[in-house]
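Read in order, the letters of the sequence shown correspond to residues 2 to 166 in my numbering. Glycine residues also receive a C-beta, built at the ideal position from the N, C-alpha and C atoms. Predicted model only: the values in this text are computed from it and were never measured. Working notes, structure below.
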Amino acid sequence: MKKILILIAVSFMLNACERDDICIDPITPKLTIRFYNNDEPTTLKSVSNIEVRIDTISEPYTDNSQTIRSSTDSIAVPLRVDQTVTKILLTENSTSDTDRNTDTLEVSYTPESIFVSRSCGYKDVFNNVSYRIIPESDGGNWLKGIETVTVNIENEDQANVKIFH
(Lines of atoms letter the chains of each structure in order from A and count residues from 1; the text may use other names and numbers.)
(Lines give C-alpha, C1' and ligand atoms only; values in the text may rest on other atoms or scores of the structure.)
Protein backbone atom coordinates (compact mmCIF):
# COMPACT_ATOMS: atom_id res chain seq x y z
CA MET A 1 0.00 0.00 0.00
CA LYS A 2 2.88 2.37 0.82
CA LYS A 3 4.39 1.77 -2.62
CA ILE A 4 1.12 2.70 -4.29
CA LEU A 5 0.89 5.93 -2.27
CA ILE A 6 4.48 6.81 -3.17
CA LEU A 7 3.78 6.07 -6.84
CA ILE A 8 0.67 8.27 -6.78
CA ALA A 9 2.56 11.11 -5.05
CA VAL A 10 5.40 10.94 -7.59
CA SER A 11 2.96 10.96 -10.52
CA PHE A 12 1.23 14.07 -9.11
CA MET A 13 4.59 15.80 -8.75
CA LEU A 14 5.57 14.96 -12.33
CA ASN A 15 2.24 16.19 -13.66
CA ALA A 16 2.71 19.49 -11.83
CA CYS A 17 5.75 20.33 -13.98
CA GLU A 18 4.91 22.21 -17.13
CA ARG A 19 7.00 22.56 -20.21
CA ASP A 20 7.24 26.26 -19.38
CA ASP A 21 9.15 25.44 -16.18
CA ILE A 22 12.32 24.56 -18.06
CA CYS A 23 14.19 27.06 -20.20
CA ILE A 24 16.18 25.09 -22.78
CA ASP A 25 17.02 27.70 -25.39
CA PRO A 26 19.69 30.38 -25.09
CA ILE A 27 17.97 33.69 -24.64
CA THR A 28 19.86 36.89 -25.45
CA PRO A 29 21.45 36.53 -28.90
CA LYS A 30 25.10 37.21 -29.58
CA LEU A 31 26.45 39.28 -32.44
CA THR A 32 27.48 36.85 -35.19
CA ILE A 33 30.37 38.08 -37.33
CA ARG A 34 31.55 36.38 -40.54
CA PHE A 35 34.93 37.25 -42.04
CA TYR A 36 35.31 37.56 -45.82
CA ASN A 37 38.15 38.05 -48.26
CA ASN A 38 38.41 41.76 -49.17
CA ASP A 39 39.62 40.87 -52.69
CA GLU A 40 36.88 38.24 -53.27
CA PRO A 41 33.86 39.53 -51.31
CA THR A 42 31.83 36.31 -51.65
CA THR A 43 34.59 34.08 -50.23
CA LEU A 44 34.91 33.41 -46.50
CA LYS A 45 38.40 34.00 -45.14
CA SER A 46 39.72 32.80 -41.78
CA VAL A 47 41.47 35.22 -39.48
CA SER A 48 44.81 33.90 -38.22
CA ASN A 49 44.84 33.42 -34.45
CA ILE A 50 42.09 35.94 -33.74
CA GLU A 51 41.67 37.17 -30.19
CA VAL A 52 38.48 38.93 -29.11
CA ARG A 53 38.19 41.40 -26.24
CA ILE A 54 35.10 43.32 -25.23
CA ASP A 55 35.18 46.95 -24.05
CA THR A 56 37.17 47.37 -20.89
CA ILE A 57 37.44 43.66 -20.08
CA SER A 58 41.14 42.84 -19.98
CA GLU A 59 40.88 39.09 -20.56
CA PRO A 60 40.01 37.58 -23.95
CA TYR A 61 36.31 36.78 -24.33
CA THR A 62 35.50 33.21 -23.37
CA ASP A 63 32.35 31.27 -24.06
CA ASN A 64 31.26 28.21 -22.07
CA SER A 65 32.79 25.88 -24.62
CA GLN A 66 35.72 27.78 -26.08
CA THR A 67 38.09 30.66 -25.88
CA ILE A 68 38.01 32.73 -29.00
CA ARG A 69 41.71 32.68 -29.73
CA SER A 70 42.04 30.60 -32.85
CA SER A 71 41.86 30.74 -36.63
CA THR A 72 38.24 30.99 -37.71
CA ASP A 73 35.96 32.64 -40.28
CA SER A 74 33.12 33.41 -37.86
CA ILE A 75 32.61 34.36 -34.23
CA ALA A 76 29.67 35.04 -31.91
CA VAL A 77 30.23 37.83 -29.39
CA PRO A 78 27.85 39.04 -26.67
CA LEU A 79 26.85 42.69 -26.67
CA ARG A 80 26.49 44.67 -23.47
CA VAL A 81 22.83 44.99 -22.47
CA ASP A 82 23.56 47.80 -20.01
CA GLN A 83 24.98 50.07 -22.74
CA THR A 84 24.05 51.28 -26.22
CA VAL A 85 27.58 50.85 -27.58
CA THR A 86 29.98 47.92 -27.33
CA LYS A 87 33.57 48.18 -28.51
CA ILE A 88 35.02 44.88 -29.66
CA LEU A 89 38.80 44.61 -29.97
CA LEU A 90 39.76 42.11 -32.67
CA THR A 91 43.41 41.09 -32.76
CA GLU A 92 44.84 39.31 -35.80
CA ASN A 93 47.92 37.09 -35.22
CA SER A 94 47.37 37.25 -31.45
CA THR A 95 50.07 34.67 -30.76
CA SER A 96 52.78 36.71 -32.50
CA ASP A 97 54.96 39.18 -30.63
CA THR A 98 55.81 41.23 -33.72
CA ASP A 99 52.90 40.80 -36.14
CA ARG A 100 49.92 41.46 -33.79
CA ASN A 101 47.39 43.90 -35.16
CA THR A 102 44.39 45.05 -33.10
CA ASP A 103 41.42 46.86 -34.62
CA THR A 104 38.35 48.15 -32.82
CA LEU A 105 34.83 47.47 -34.05
CA GLU A 106 32.28 49.82 -32.51
CA VAL A 107 28.74 48.44 -32.41
CA SER A 108 25.88 50.86 -31.65
CA TYR A 109 22.35 49.62 -30.91
CA THR A 110 19.17 50.04 -28.91
CA PRO A 111 18.66 47.18 -26.44
CA GLU A 112 15.09 46.04 -25.80
CA SER A 113 13.94 43.58 -23.12
CA ILE A 114 11.21 41.15 -24.16
CA PHE A 115 9.39 38.73 -21.83
CA VAL A 116 9.85 35.14 -23.00
CA SER A 117 8.29 32.89 -20.32
CA ARG A 118 8.21 32.30 -16.59
CA SER A 119 11.20 29.98 -16.65
CA CYS A 120 13.30 31.96 -19.12
CA GLY A 121 12.33 35.41 -17.93
CA TYR A 122 13.33 38.26 -20.21
CA LYS A 123 15.66 38.29 -23.17
CA ASP A 124 17.34 41.27 -24.73
CA VAL A 125 17.29 41.95 -28.45
CA PHE A 126 19.27 44.66 -30.19
CA ASN A 127 17.56 47.04 -32.61
CA ASN A 128 18.91 49.58 -35.10
CA VAL A 129 22.39 48.07 -35.02
CA SER A 130 25.18 49.95 -36.78
CA TYR A 131 28.89 49.21 -37.09
CA ARG A 132 32.02 51.31 -37.41
CA ILE A 133 35.68 50.38 -37.69
CA ILE A 134 37.65 52.88 -35.64
CA PRO A 135 40.53 54.06 -37.86
CA GLU A 136 44.07 53.64 -36.56
CA SER A 137 46.26 56.72 -36.55
CA ASP A 138 48.88 55.00 -38.72
CA GLY A 139 46.28 53.71 -41.20
CA GLY A 140 47.22 50.10 -40.46
CA ASN A 141 43.75 48.63 -40.01
CA TRP A 142 43.50 44.97 -40.99
CA LEU A 143 39.70 45.31 -41.06
CA LYS A 144 38.98 46.81 -44.48
CA GLY A 145 35.19 47.01 -44.71
CA ILE A 146 31.81 46.17 -43.20
CA GLU A 147 28.50 45.02 -44.65
CA THR A 148 25.43 44.92 -42.42
CA VAL A 149 23.38 41.75 -42.93
CA THR A 150 20.66 42.36 -40.31
CA VAL A 151 19.74 45.65 -38.66
CA ASN A 152 18.11 43.91 -35.67
CA ILE A 153 19.74 41.08 -33.71
CA GLU A 154 16.96 38.77 -32.52
CA ASN A 155 18.63 35.35 -32.81
CA GLU A 156 21.90 33.67 -33.74
CA ASP A 157 20.58 31.78 -36.77
CA GLN A 158 22.48 33.87 -39.30
CA ALA A 159 25.39 36.25 -39.54
CA ASN A 160 24.58 39.81 -38.51
CA VAL A 161 27.57 41.49 -40.11
CA LYS A 162 30.22 40.70 -42.72
CA ILE A 163 33.72 42.01 -42.14
CA PHE A 164 36.20 42.14 -45.01
CA HIS A 165 39.94 41.80 -44.45
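Per DSSP, which one or two residues make a beta bridge with N102? E93, per the DSSP bridge assignment.
Hey, is V130's beta-carbon within less than 8 Å of any beta-carbon in chain B? As a matter of chain content, chain B is missing from the structure shown, which is built from one protein chain.
Where does the unbroken beta strand (DSSP E) through I134 begin, and where does it stop? That run of the beta strand (DSSP E) goes 122-135.
Stretch-stretch touch, CB-based, cutoff 8 Å, three pairs: the stretch 27-42 with the stretch 72-81: These segments touch.
Are T96 and T103 touching if we call contact CB-CB under 8 Å? No; because the gap between Cβ atoms is not below 8 Å, this pair is not in contact.
Use the C-beta contact count for Y132: other C-beta atoms within 10 angstroms, 16 or more gives buried, fewer gives exposed. By the neighbour-count rule (16 or more Cβ atoms within 10 Å), Y132 is buried.
Work out the CA separation of P42 and V82 for me, nearest whole Å. One C-alpha to the other measures close to 31 Å.
Give me the Cβ distance between T85 and S109, rounded to the nearest whole Å; I'm assuming they're in contact under 8 Å. With a Cβ gap of about 6 Å, T85 and S109 count as contacting.
Euclidean distance between Cα positions of D1 and I51: Examination of residue 1 is not possible in this model, given that the chain is present from 2 through 166 alone.
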